[in-house]
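In my numbering, the protein residues as written are 179 to 523. In this text, a Cβ means the ideal position worked out from N, Cα and C, and glycines have one as well.
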């Protein structure tokens with residue numbers, strides 16, 4: 179069965195995390211669509227140790243070497259005594275029982291199909307950590323991390339953060355990128371109307387830890403404008419929440435635009451991407467420094483509450499359009515502008 183992006187990305191992130199912790203890990207996953215093959219560790223699909231066993235009774239191997247030739251791996255054995263025949267070489271199965279089974283995105287053990295049916299003893303004797311976000315999950319694990327308001331990648335992000343300590347951090351750039359890809363896939367690039375505030379907070383954290391937002395968007399959505407992708411990633415990184423005001427806000431400097439190779443014209447794309455996700459917290463504010471000299475602070479305010487947009491229009495020079503307003507402030511910097519605007523709304 180073809181795996182979905184959230185399950186795949188979170189599985190590979192956990193695989194890499196456990197490897198970094200020094201654990202012996204095998205991962206069994208379904209078919210991987212081509213568009214997900216940018217994820218770190220995707221080649222680990224159905225990873226398993228493989229043994230080549232040689233019966234050396236009555237023989238003596240004096241030298242061994244190997245070499246790679248295109249897609250072939252050749253192993254050379256030099257015998258000091260005896261004769262080696264084909265029947266002396268075997269490929270025994272590894273039967274070491276696991277200490278823990280982890281399922282991700284699995285509603286019930288029956289969903290595992292042949293693997294469950296062929297290994298009943300493993301499932302009856304091994305503890306299971308069940309990670310999922312579906313309401314239909316049967317809570318079949320000894321430990322069940324099931325959150326129906328989240329994605330598997332968000333659950334895994336919190337789990338990995340729990341495993342970390344001041345002296346040992348596991349969330350590197352590759353793991354953060356995998357988890358961010360899972361979050362973006364599950365939220366339909368933040369367009370899903372059920373996307374919750376904590377999803378933005380998790381995304382901002384993953385970008386801070388090195389998650390490559392641009393790389394993900396280019397592979398999953400084939401966006402043409404790199405500058406817009408960069409700017410959206412920068413705003414997600416800077417996005418903060420004022421809960422009493424139900425307001426998400428971000429401030430951009432001239433340096434931010436330069437580093438993203440973007441301009442204020444790209445903000446229209448960013449606002450459309452973000453506002454499609456606002457269902458529970460409907461207010462969005464973006465402030466930025468213009469390239470004028472002296473610097474002028476400009477802003478975009480979006481709200482589903484028309485009276486708030488009107489308050490902004492009454493206090494600032496600007497142009498209203500639909501549920502938003504583009505305005506100019508008289509404050510000397512973005513922090514002062516934000517403080518004044520919060521008093522108004």
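- For residue 511, no alpha helix (DSSP H) encloses it, and the DSSP letter there is neither H nor E.
- Residue 323 is not a Cβ neighbour of residue 339, given a cutoff of 9 Å.
- For residue 232, the secondary structure class from DSSP, reduced to helix, strand or coil, is strand.
- Taking 9 Å as the cut-off, the beta carbon of residue 378 is found closer than this to the beta carbon of residue 417.
- Excluding residues up to 5 positions away in sequence, 286, 287, 306 and 308 lie with their Cβ nearer than 7 Å to the Cβ of residue 318 in the same chain.
- Proximity to residue 232 across 297, 215, 498 and 253 peaks at 253, based on C-alpha coordinates.
- Within the same chain, and ignoring the five residues on either side of residue 367 in sequence, the residues whose Cβ sits closer than 8 Å to its Cβ are 395, 398, 399 and 451.
- In the DSSP assignment, residue 363 falls within the alpha helix (DSSP H) that extends over 351–364.
- Within the DSSP bridge table, the entry for residue 282 names 309 as partners.
- Three or more Cβ pairs closer than 8 Å define a contact, and the segment 186–200 meets that threshold against the segment 329–346.
- Look at residue 387 here: in three-state DSSP terms it is coil, with no helix or strand label.
- Contact holds between the segment 502–518 and the segment 475–494, because three or more Cβ pairs, one in each stretch, are under 8 Å apart.
- According to the DSSP assignment, residue 413 belongs to the alpha helix (DSSP H) that extends over 404–416.
- Here residue 439 is exposed: its Cβ has fewer than 16 other Cβ atoms, across all protein chains shown, within 10 Å.
- According to DSSP, residue 268 shares a beta bridge with 231.
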